[in-house]
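If you're matching positions, the sequence shown starts at 1 in UniProt numbering and goes up one per residue. Backbone N, C-alpha and C define an ideal beta-carbon position, used for all residues, glycine too. Structure record follows, encoded as structure tokens.
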Amino acid sequence: LDSQQSPLHRIVSTLANKNAELRSFLETVDVTLSGLQVRSWQVTSQLEAELERLRAALEEKGAELRGAIREEQHRKEAELQVNTLCFILCAGSPASLYFLFNPASFHPVARVTMAPAFRLTTRPAANQSMACFMTDFSQEEAGLRRLHFLPVPRPPEVDASSCLVRDNVVTVAWRPVADGDGDGERIERYDLEFRKTNDDSGERSDACWERISNIRANEFTITGLKFDSPFISVRVRAANKAAAGDFCQPVTMETRAFSFGLDAASSHPELQVDGDTVSWQPLGVKGHDGRLRAKESGSFFLTFDLSSTSCFGSRSATPSPNKTAASRAARERFAGDSYTVLGDQEMSGGCHYWELRPLADWKSFSVGVAYRSALGRFDQLGKSAGSWCLSAGQWLQSSLAAKHNNRSKALDWPLPQRIGVCCDFDNGSLLFVDVDRPRLLHSFRARFTQPLVPAFTVWGGGITVATGLQVPSFMGNFLPTNRSLTNLSQ
Numbered sequence: 001l002d003s004q005q006s007p008l009h010r011i012v013s014t015l016a017n018k019n020a021e022l023r024s025f026l027e028t029v030d031v032t033l034s035g036l037q038v039r040s041w042q043v044t045s046q047l048e049a050e051l052e053r054l055r056a057a058l059e060e061k062g063a064e065l066r067g068a069i070r071e072e073q074h075r076k077e078a079e080l081q082v083n084t085l086c087f088i089l090c091a092g093s094p095a096s097l098y099f100l101f102n103p104a105s106f107h108p109v110a111r112v113t114m115a116p117a118f119r120l121t122t123r124p125a126a127n128q129s130m131a132c133f134m135t136d137f138s139q140e141e142a143g144l145r146r147l148h149f150l151p152v153p154r155p156p157e158v159d160a161s162s163c164l165v166r167d168n169v170v171t172v173a174w175r176p177v178a179d180g181d182g183d184g185e186r187i188e189r190y191d192l193e194f195r196k197t198n199d200d201s202g203e204r205s206d207a208c209w210e211r212i213s214n215i216r217a218n219e220f221t222i223t224g225l226k227f228d229s230p231f232i233s234v235r236v237r238a239a240n241k242a243a244a245g246d247f248c249q250p251v252t253m254e255t256r257a258f259s260f261g262l263d264a265a266s267s268h269p270e271l272q273v274d275g276d277t278v279s280w281q282p283l284g285v286k287g288h289d290g291r292l293r294a295k296e297s298g299s300f301f302l303t304f305d306l307s308s309t310s311c312f313g314s315r316s317a318t319p320s321p322n323k324t325a326a327s328r329a330a331r332e333r334f335a336g337d338s339y340t341v342l343g344d345q346e347m348s349g350g351c352h353y354w355e356l357r358p359l360a361d362w363k364s365f366s367v368g369v370a371y372r373s374a375l376g377r378f379d380q381l382g383k384s385a386g387s388w389c390l391s392a393g394q395w396l397q398s399s400l401a402a403k404h405n406n407r408s409k410a411l412d413w414p415l416p417q418r419i420g421v422c423c424d425f426d427n428g429s430l431l432f433v434d435v436d437r438p439r440l441l442h443s444f445r446a447r448f449t450q451p452l453v454p455a456f457t458v459w460g461g462g463i464t465v466a467t468g469l470q471v472p473s474f475m476g477n478f479l480p481t482n483r484s485l486t487n488l489s490q
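Structure, rendered in structure tokens:
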């Protein structure tokens, strides 16, 4: 019986949940319907108010035109009356002229001459034309006929075949909104939103949508991105003068790239790691701490007990009573003259790319790759068989050199402002490129037998590292011909 009740309880629970969902759905429908009714009433009221203002303006203009017509009518009627009176006077007898025009009132040199009636003009001084007050309302009528109710624009359709991810930018294209009513002619702008995601469906993402507004064209190129996630989702909406529509269904594009951070736990104590920037902050004493060298070599040093004013010797192998995780981590940091910091991600396959830009106050730096196990605390890049680097300096003189296994090759090229590093692990290629030219500075060929980590050395000034970059298309000119650019960042 219990075995039968358990499925029944599950069914009842499922039905209860569905009932709650239906109730919630019906409440949502009721709220939406109420909102539509309120909004419809508001729009109707606004339209009626607008039409009332238009009617009042038309009545005001009509009254103004009617008044002007009446004034013109009165002016022309007065002219016609004066013209008629003059005709009667000129066609009358001398007695009437004498009666109306007393000679005593005329100037002494003035003369009054009576013309025969048949020589008088019969053309009135005023005509019946009112053309100067005729009004052409054809443009206004056409404007009124063009009035439309502006609906909310439909979502555009992203053209996935025209979207492109290349050279670390994302170009998004969509088809313009248009239908039989000329909806596309009333679209004023588009809004584009994008966010990074971890799967090709675009649903699993903790990132918020980032918006780019007031786009006038049917495509847009998103720049300045850091591709630290495998995919990016984009969506678009259209807007007219009245409102913005809904966003279309998101389209997801692959943006796989090599993204890493700087491992501050490995950095030299005189290097300050701040995000993607590494700067040299000297502590004032070369070697930064003599006790580190003493512990490394097992040498003897003195410890003073101030409470007893006595002095006794101690070996570096003696454990400190205050040993902590921080002190143990400090032993993993580079020391001495190895002003080095490593990346926090390893490369064990594929083709990867990142860039370095020296800051304005830089004096010397190196950039390259290394086996993590091949670098000791006091080792410098390029001086072992497990590290490869490009070194630049402008301390006493400008220099640019490629270093590996304690060998150096000077490079005859001006100091670059931006250096690109491309590591093709599978084909055993390490390339350094002047990005602004672009120009291949140097390439190493090796058979990598262990995972590699990005490595940097800074002495004087600082550098900025740009990660989350795809392999740019111009690297195809320098990579081996058997390497396909389509899978460079895999």
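Pairwise C-beta distances place the region 264–278 out of contact with the region 203–219, as fewer than three of them are shorter than 8 Å. The DSSP-derived three-state label of residue 46 is helix. With a contact defined as Cβ atoms closer than 8 Å, residue 177 and residue 244 miss out at about 12 Å. In terms of Cα proximity to residue 337, the closest of 347, 349, 343, 381 is 381. With contacts defined as CB atoms closer than 9 Å, residue 197 and residue 225 fail to qualify as a contacting pair. Secondary structure of residue 476 (DSSP, three-state): helix.
Proximity to residue 270 across 209, 417, 334 peaks at 334, based on C-alpha coordinates. CA-CA distance, residue 469 to residue 242, rounds to 40 Å.
The DSSP-derived three-state label of residue 229 is coil. Judged by DSSP secondary structure, residue 142 falls within the alpha helix (DSSP H) whose first and last residues are 138–145.
DSSP places residue 462 inside the beta strand (DSSP E), whose first and last residues are 462–469. The closest CA to that of residue 419, considering only 249, 456, 66, is found on 456. In this chain, residue 335 is not harboured by any beta strand (DSSP E), its DSSP state being neither H nor E. Under a 10 Å Cβ-count criterion, residue 355 is classified as buried, with 16 or more other Cβ atoms of the shown protein chains found around its own Cβ. Between residue 192 and residue 145, the C-beta gap is not smaller than 9 Å, which leaves the two residues out of contact. Residue 283 is classed as exposed because its beta carbon has fewer than 16 other beta carbons within 10 Å across all chains shown. Secondary structure of residue 387 (DSSP, three-state): strand. In terms of Cβ geometry, residue 124 and residue 79 form a close pair [threshold 9 Å]. Setting aside the 5 residues that flank it on each side, residue 202 is surrounded in the same chain by 233, 250, 252, each with a C-beta closer than 6 Å to its C-beta; the list follows chain order. Within the model, the alpha-carbon separation for residue 65 versus residue 58 is close to 10 Å. The C-beta distance from residue 342 to residue 454 rounds to 7 Å, short enough to fall under 8 Å. When 30, 47, 353 are compared, the shortest CA-CA separation from residue 369 is found for 353. Apart from the 5 residues on each side of it in sequence, residue 437 has no Cβ closer than 7 Å to any other Cβ in its chain. In the structure shown, the three-state DSSP call for residue 245 is coil.
As the crow flies, the alpha-carbon of residue 379 is around 18 Å from that of residue 450. Following the DSSP letters along the chain, one finds residue 190 inside the beta strand (DSSP E) bounded by residues 189–197. DSSP places residue 342 in the uninterrupted beta strand (DSSP E) bounded by 340–343. Boundaries of the beta strand (DSSP E) around residue 274: 271–274. Sequence-distant partners of residue 448 (beyond 5 residues in either direction) whose C-beta falls short of 7 Å from its own C-beta, in its chain, are 425, 428.
Here the C-alpha atom of residue 409 lies approximately 30 Å from the C-alpha atom of residue 167. Between the C-alpha atoms of residue 397 and residue 411 there is a straight-line separation of about 14 Å. By the neighbour-count definition (other C-beta atoms within 10 Å, threshold 16), residue 149 is an exposed residue. If you check the CB distance, residue 366 and residue 403 come in under 9 Å. Excluding residues up to 5 positions away in sequence, 270, 271, 272 lie with their Cβ nearer than 8 Å to the Cβ of residue 281 in the same chain. Counting along the chain, residue 171 sits inside the beta strand (DSSP E) bounded by residues 169–175. At the C-beta level, residue 390 and residue 340 stay beyond 9 Å of one another.
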